[in-house]
Every structure is written in structure tokens, then in C-alpha cells.
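The block underneath contains the structure these notes are about, expressed in C-alpha cells.
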Amino acid sequence: MARSVNKKWFIELIEASSLSCQVKIEVADALKDYPDDEPFDVVYDAVLAREAMTENEIIDLLAENFGVEKVDLESVAVPDDAIKMIPREVAQKHVALPISKSGSTLRVAFYDPTNVYAQDDLHFLTGYNVQVALAPKSLIVGAIEDYYAPQDDSEILDSPAEEMEAAFPGAMTMTDDDEDKKHQAEEDGIDIDALERSSKEAPTVRLVNLVLVDAVRRGASEIHIEPYEKQFDIRYRLDGELHAMMRPPLRLKNAIVSRIKIMAAIDIVERRKVQNGKIQSVLGKEKYVTFYVSILPVLFGEKVVLRVYDAKKALPLASDFFLAVDDMEGLKRELARPGIKGIYGPARAGKTSLLQLISSEMSATWGTQNVLAIGDVDVGGLVVGNVNCVRLDPKIGLTGARVLAEACYGQSADVIIMDGMFDSDTAKAAVDTALSGKVVILTMAAGSATEVRGVMGKLLGDDSRLDLALNLFLGVRLLRRLCPECKAPFADKEILAKSFPPTELPIVEKMRIPVGCYRCNHKGYSGQVGLCEVAKNASGQTIGASMQAKMRLLLEAGTTSLEEVVRQIPV
2 MARSVNKKWF
12 IELIEASSLS
22 CQVKIEVADA
32 LKDYPDDEPF
42 DVVYDAVLAR
52 EAMTENEIID
62 LLAENFGVEK
72 VDLESVAVPD
82 DAIKMIPREV
92 AQKHVALPIS
102 KSGSTLRVAF
112 YDPTNVYAQD
122 DLHFLTGYNV
132 QVALAPKSLI
142 VGAIEDYYAP
152 QDDSEILDSP
162 AEEMEAAFPG
172 AMTMTDDDED
182 KKHQAEEDGI
192 DIDALERSSK
202 EAPTVRLVNL
212 VLVDAVRRGA
222 SEIHIEPYEK
232 QFDIRYRLDG
242 ELHAMMRPPL
252 RLKNAIVSRI
262 KIMAAIDIVE
272 RRKVQNGKIQ
282 SVLGKEKYVT
292 FYVSILPVLF
302 GEKVVLRVYD
312 AKKALPLASD
322 FFLAVDDMEG
332 LKRELARPGI
342 KGIYGPARAG
352 KTSLLQLISS
362 EMSATWGTQN
372 VLAIGDVDVG
382 GLVVGNVNCV
392 RLDPKIGLTG
402 ARVLAEACYG
412 QSADVIIMDG
422 MFDSDTAKAA
432 VDTALSGKVV
442 ILTMAAGSAT
452 EVRGVMGKLL
462 GDDSRLDLAL
472 NLFLGVRLLR
482 RLCPECKAPF
492 ADKEILAKSF
502 PPTELPIVEK
512 MRIPVGCYRC
522 NHKGYSGQVG
532 LCEVAKNASG
542 QTIGASMQAK
552 MRLLLEAGTT
562 SLEEVVRQIP
572 V
């Protein structure tokens, strides 16, 4: 069942079948302009478009080859309890129709028996074992339209909410209503009681739970819920880029946002201010996940971003950042020295992952020291091990400068990790703390060590002590990995010869380009690889290989593409 059906495999299947020579010739002709690795969904449509085969002929051939039952959707009556197991959007996305359930097994009609990703999604969503049946694609699409009729939209996700509610403890606990806010909401025409009721209805509960579970399942780092004038989109950030995943009915917009607010202990009455919270959940066996929630008022409602922190996710390794053993040992020696260590890179470049690697590698040293981590919203996800975390809140006096001073003197901290929230007072406190013999690790959104030095120098004015305190720079980037299943060499050698000097051609010919296939959802990339450059000073005295040298090695190995390097790293 795990075999990959592509054009090459399908042609071989046709040739070995008992179909007539005329059919075999017509199929070959219909697919002659497609590459051998063209995925089955494209092959299927191409063969039908040229009328080389009928849908029933294709399905009969696949059923016989894979030993899978063919189902006649025109004569089968699908029970409601099966339909309610899978939301309409998911059924449409995978072209899959639930047709019956028995015990712990859900029988589902597909037209592609090798679509293991769809089968895994349905198993993860429903908790049932998925039994594959085969049916023509057009009949599945038609049946989805029939069984998920528009008038039944209110039942899209109608099933006992308790099945997944246990994964989100405290989700039904709402914050205390502020009477002034409630009065203002009523003046604005907002029915708070109706909003709270709709956010607790089974379809809303199940849809929100589905999104959270599905995002974790796919390894998403963020969930974006975006309201527009005529549509309502849900997107996941996968491998650093946002991908559209779902478009729920627009009428569910307020209920979905309110549901997330309730789960994150955020006031559902307030709709005009930036709000933050978090959802802590247990998904599966001992899988602890925290979703850090940010809500921003926008023109057509409230935009929600949930950052996903999986506590059980495997910790990053030195090799994940292209750090050799000797590089890591040198870095550990530098991290043990007093002073400011600046970790820099653009947003989503891997600074938090590098902090987790550092805290893991330094666990033996830090085990005998007092370590504090200071940050704004998701400070708990910065480090691993026994590290005390402080969440900054200027409204109550917990500013970066105040906490740094207390950590240094009152708390007698040996190592202080500071994430963001930078101002002149915090910068001065960081220098004072470092020069008192402490290790201060800072993260900054900057593009180079020189920029880190410049930003801190500007914050400090003419403070000549900065160069005494700032003694290590760690630059980090995350690049998308080329999909190992479909990456390919440059096709046009003449363009290569014209674009690169002759001395570079031997290396360039080893480079690979993204193509796109079924395994990588036709994106050409799958996963990410980190790059870390360690320098002792802003002028670029590196420990180990430079960022440019590591980029060259990744390109030569075909791990990433030249396009990705140029996109991520200014040269």
C-alpha cells in the first residue's frame, strides 16, 4: 500500500495488463509529455481528458493490482454516523468519502489507494483505523456534494465534543466579564451570551480541535486564522512558509475566534485591543503541546496567530546547525566565559532552536549554576532543563532592566538568557551584568554581527564598555531542504556555462533544483536545515567554518538550492 503510483509505474501497470494494444497506445500517447515521476492525480486526469481509459477501467485495474475492494457509490447508502466522522473540508481536500464504520474501523472510498498521507490524516483525526475502498473520482466528488449538502453545514463537525475536549483541560472556563466592557459590547450590537454559546457548540469545538491537532500532526510552527470581507482562511506555517489549509464558512468566524479566546483564557468581550494568552493541551499519549495565542484587531474582525510549542519534540542537535564536534566544543568553552553572547538572525531563523541546543549542550555546566531565562510571551519554550523563566510585564514593573538587575544582584544568577524586548535601559543593564562576571545570552533580530554591535552601540550611546562585554556572536539561518524524492540537477547546461565562471562549474553541476512531487506536496522542499556561524568579534573572526563556507557545502551536497540560499541569506 506504500508504493508510489506515478506515471512510470502506471505505464508499467498498463503494459502488463490485459488491456487492448489500442488502449495501451492511447495511454502512452496521453502521458508522453509528462515526466516519469508525475503524481497519480495528474496522470489520472490526463488519461481521462484524452479519453484513453474510462474511470471504471482505471479503478478496476488498481483494485485488482492492490487487492482493494471496489465500491459502487451509486448503489450504496452511506449512513449519517459515517459522514459525521470527517468534516466536509477534509473530505474535499483528500477526495475521500467515509462510507461506513464498524467497531474501530472506518471504511473510506478513495480513487488513489496509495495516498497514505490522506489515510494517516483521517486516522489521526477520527481515531479509527482506515480501511481503503476504491471508487471513481467523479463519483466520490459527487457523493461529497450530495452527502455534505449546504443545508447541513451546521452539522459539518457535529459529533460528541467530549471525544476531544479532554485534550484541552479548562477550555470551557471563561474569564470574568468586565461590566464596562460588556456594556460597551452591547452598545456595539454584540450579543455576548450568543457568542459564548456558539463558541461551545459541537461543530465549533470540533473544528477548532481539528485545526490544533492537525497543525501538530503536520509539524506546523504557527497557525494563522485570518478574516477577510468575503472569506475566512486558516493557514499553517510549514518549513518557514505559510500554506493555505482550510476555508471554513464565513459565518463561523466569530464563534471560532471566541472559542480560541475561551481556551486561552482571553476575554471574549474585548475586540478592540491586542490580546495574548496560551492553550496548554495533552494530545495523545504524553504529548504536551502549548499554543501561544496572539489576537490582533483587523479591518474585518480579529486575526489570530497561534505559535506551536511541542514539549516532546526532539531537541535540536549540533549537526542540525551544521556544527562539527570541534566547533561545538569551542562554542561551549566560549559560552562558559563571562560576557555578552549575541544570537542574531531574522525572524523565524532558528534562534529559539539554537538556544535549546545551547541549553542542552551546556546542561552539565549549568547544572551547578543558577540560570534564569527572561522573555515576553513564550519564554518557557526558550530553553530546556532546570531553568527558571521570567515573563516580562512592564505594566507591573517587570521590565528587562529591572529583572536583569534583580537577577544579577538579588537572585545571584550565573547565566541569564534574554529574549528580545530591547531598549537602552536593558542594554545598559546587560553590559553591567556581563562586566560583573556573569554570562548574558541575548537574542536579537539582526542580519550580521556588525549590525548587532551597531544596534547595541546606538542604545548605549558612547559607552566604551561594550567591546569589553560583547565577546561572542552566533549568527543563525534556517534554509528549506530540497525534497530527496524529486530534487533534480540543472537541466540546461548552456545556461550554467553562461551564468557561472568556469572554475565554479564542477560545483554548480552538483547542485540540485526543486521540482515538486506527491511526497512534498508539489513544493520541491521538505524540512529545514540550520546554519550557524560563531564569531568572537564583530569583524568576523569565526570559530569553525564561516556561513559562506557552510552554504557552499550545502549547495555542493544538494541539500538545498541556490534559489533558497539567495532568498534567505543576502550576499
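Residue numbers (our numbering): 2 to 572. Think of the CB as a built atom: it goes at the ideal place given N, C-alpha and C, for glycine as much as any other residue.
- Fully contained in the stretch 414–465 are the following alpha helix (DSSP H) runs of length 4 or more, in chain order: 425–436 and 450–461.
- Tyr35: not part of any beta strand (DSSP E); DSSP gives it neither H nor E.
- Annotation for Met246: no alpha helix (DSSP H) segment contains it, though the beta strand (DSSP E) segment containing it runs Glu242 to Met247.
- By a beta-carbon distance limit of 8 Å, Met548 contacts Glu534. Their separation comes to about 4 Å.
- Counting C-beta pairs with one atom in each stretch, the stretch 458–477 and the stretch 17–24 have fewer than three that are closer than 8 Å, which means they do not touch.
- In this structure, DSSP gives Cys487 a state outside helix and strand, which the three-state scheme calls coil.
- Partner residues in the beta bridge of Leu471, as assigned by DSSP, are Ile341.
- In this structure, the beta-carbon distance from Ile84 to Leu123 does not fall below 8 Å.
- If you look at Leu307, you'll find it in the beta strand (DSSP E) that goes Gly302 to Asp311.
- Rounded to whole angstroms, Asp420 and Gly68 show a C-alpha spacing of 56 Å.
- Assigned with DSSP and collapsed to three states, Ile267 falls in coil, not helix or strand.
- Bounds of the alpha helix (DSSP H) holding Ile141 are Lys138 to Tyr148.
- Beta-bridge pairing by DSSP links Gln132 to Arg108.
- Of Asp394, Asn387 and Lys439, the smallest CA-CA separation from Ala408 is found for Lys439.
- Among the bridge pairs identified by DSSP, Thr504 is matched with none.
- A residue is called buried when at least 16 other Cβ atoms come within 10 angstroms of its Cβ; Gln357 meets this threshold and is buried.
- Every beta strand (DSSP E) of 3 residues or more that sits fully in the stretch 36–113 is shown, in chain order, as 98–103 and 106–111.
- In terms of CA proximity to Lys102, Asp81 leads the group Asp81, Val96, Ile257 and Val117.
- The straight-line gap separating the alpha-carbon atoms of Glu16 and Glu565 is approximately 40 Å.
- In the displayed model, Leu399 falls within a strand according to three-state DSSP.
- Beta-bridge partners of Gln276 (DSSP): Ile296.
- When beta bridges are read from the DSSP output, Leu480 appears opposite Val530.
- Lys71 sits close to Ile60, with the two beta carbons spaced by under 8 Å.
- About 5 Å separates the Cβ atoms of Val391 and Ile375, confirming a contact at the 8 Å cut-off.
- Residue environment analysis places Glu242 among the exposed positions, since fewer than 16 neighbouring C-beta atoms fall within 10 angstroms of its C-beta.
- The beta-carbon separation of Val133 and Val109, rounded to 7 Å, stays under the 8 Å limit for a contact.
- Within the same chain, Cβ atoms closer than 8 Å to the Cβ of Arg553 are found at Ile508, the five residues on either side in sequence being excluded.
- Assignment of Asn210 by DSSP, reduced to helix, strand and coil, places it in the helix class.
- Cys521 carries a coil assignment under DSSP once its states are collapsed to helix, strand and coil.
- Taken through DSSP and simplified to helix, strand or coil, Leu318 comes out as coil.
- Distances from the alpha-carbon of Ile280 to those of Ile267, Lys551, Tyr526 and Ala414 put Ile267 closest.
- The C-alpha of Ile341 lies about 43 Å from the C-alpha of Arg260.
- Sequence-distant partners of Leu307 (beyond 5 residues in either direction) whose C-beta falls short of 6 Å from its own C-beta, in its chain, are Ile224, Phe292 and Val294.
- Rounded to whole angstroms, the separation of the alpha carbons of Gly458 and Thr115 is 58 Å.
- Annotated as proximal: Leu14 and Leu62, with beta-carbon spacing under 8 Å.
- If you draw a straight line from the Cα of Asp433 to the Cα of Asp311, it is about 35 Å long.
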